[in-house]
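Colleague: Under UniProt numbering, the first residue of the sequence shown is numbered 1, with each subsequent residue one higher.
We put the CB at the ideal spot given by N, CA and C, even for glycine.
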Amino acid sequence: MRAGGSACRRRRGAVQWGMSPDLRTLFPAVLCLLLAACAHAPQRSPLAQWTPSPNHDARRPSLVVLHATEQGSVAESLHTLRTRNSGGPVSAHYLVGADGSVHQLVDDRRRAWHAGGGSWGALTELNSASIGIELDNDGAAPFPPAQIEALLRLLEDLATRLGIPRHAVIAHADLAPTRKRDPGPRFPWQRLAEAGFGLWPDPADGEPPPGFDPWLALQAIGWPLHDPVAAVRAYRRHYRGDEADTLDAEDLRILHSLVLQARRRR
């Protein structure tokens, strides 16, 4: 009797606490809906405040492009990046404030409209290929340490989550040298290189070989050469911190090293 009673209690427990047939039928469908919702959820950085912009469409990133807002405040830039302006809608994936605050405006998997016309190496549709990061800066002021540290954390996050190569970080001016100069000559590219982002010359690479062609080097690294003077200015802005339009012996050493590093990273 004791054994039989125990079995009966177990059966009653199963009926009382088990899942009803109707729920068992519904559960797989509910689970599928939840998984589908997760699959289509916006891809966002945990480091940023989500401040969505409607100005985007789909793509897959392999490059990071850095910009300067050249506006008066983060609030002004957020307005510009989230509205349809008279010159056409623009946006970026991220906006990094001078105080280190980070706003994400567009899902990482979507194409923000930040690069405009231009090219970098074989890439000609830069909005499709890149993550755009705007830095709150007027294009002339220095970039505060808090802003750069926030940018470095964001770059680390993007490299980890999206698999973007750590060396694939360029200036807006690099891809569009005839019409853009941001983030400007005061941007600390060497600081980024010390943290492992972008390319930076290594003195250990030594002197360029006889017959070294700086124009082929500029092109091999990525600069478009349809306007050679503009390309030199973009290179100098990035690696020499000025806007000279001629190359000297130091530039040849730098370009030689950059070509070697680009080959090593591929």
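1. Are the stretch 150-160 and the stretch 202-218 in contact at 8 Å, needing three or more beta carbon pairs?
2. Does DSSP classify Ser101 as helix, strand or coil?
3. Measuring straight from C-alpha to C-alpha, what distance separates Leu31 and Gln43?
4. Taking DSSP as the reference, what is the three-state secondary structure of Glu76?
5. Using 10 angstroms around the beta-carbon of Leu225, count the other beta-carbons present and answer buried if the total reaches 16, otherwise exposed.
6. Whose CA, out of Ala204, Arg265, Lys180 and Arg166, lies closest to the CA of Ala231?
7. Pick out whichever of Asp205, Arg161, Asp248 and Glu250 has its Cα sitting closest to the Cα of Ser62.
8. Say whether the stretch 97-105 touches the stretch 160-176, bearing in mind that this needs 3 or more beta-carbon pairs closer than 8 Å, one atom from each stretch.
9. Determine the direct distance from the alpha carbon of Gly72 to that of Asp138, and round the result to whole angstroms.
10. With DSSP collapsed to three states, give me the class of Ile133.
11. Report the option in Gly118, Pro142 and Ala58 whose CA atom is closest to the CA atom of residue 270.
12. Kindly indicate which residue of Val90, Trp200, Ala195 and His79 has the alpha-carbon position closest to the one of His256.
13. Do Trp113 and Asn55 have their C-beta atoms closer together than 8 Å?
14. Kindly indicate if chain D contains any beta-carbon less than 8 Å away from that of Val64.
15. To the nearest angstrom, how far is the alpha carbon of Leu260 from that of Asp205?
16. Classify Gln190 as buried or exposed, calling it buried when 16 or more other Cβ atoms lie within 10 Å of its own Cβ.
17. Would you mind listing the beta strand (DSSP E) stretches within the stretch 117-195 that are 3+ residues and don't spill past its ends, in chain order?
18. Could you have a look at His56 and say whether DSSP puts it in helix, strand or coil?
19. Can you check which of these residues, Thr80, Arg253 and Val90, is closest to Arg111 by C-alpha distance?
20. In angstroms, rounded to a whole number, what distance separates the CA positions of Ala48 and Ala75?
21. What does the alpha-carbon distance come out to for the pair Gly116 and Ala173?
22. Less than 8 Å between C-beta atoms, sequence neighbours within five positions excluded: which residues of the same chain meet that for Glu149?
Modeller: Well, looking at it:
1. no
2. coil
3. Only weak support is given to the placement of Leu31: the predicted model assigns it a pLDDT of 45, under 50, and the value that follows is read from those uncertain coordinates. The straight-line gap from Cα to Cα measures roughly 21 Å.
4. helix
5. exposed
6. Lys180
7. Arg161
8. no
9. Pairing Asp138 with Gly72, the inter-Cα distance amounts to about 7 Å.
10. strand
11. Nothing can be reported for residue 270, as the shown portion of the chain is limited to 1 through 266.
12. Trp200
13. It is a contact, given that the beta carbons lie within the stated cut-off.
14. Absent here is chain D; the protein component of the structure consists of one chain.
15. Each residue's CA atom was taken as its position, placing Leu260 and Asp205 some 8 Å apart.
16. exposed
17. 130-135 and 169-171
18. strand
19. Val90
20. 15 Å
21. 11 Å
22. These residues qualify, in order along the chain: Gly100.
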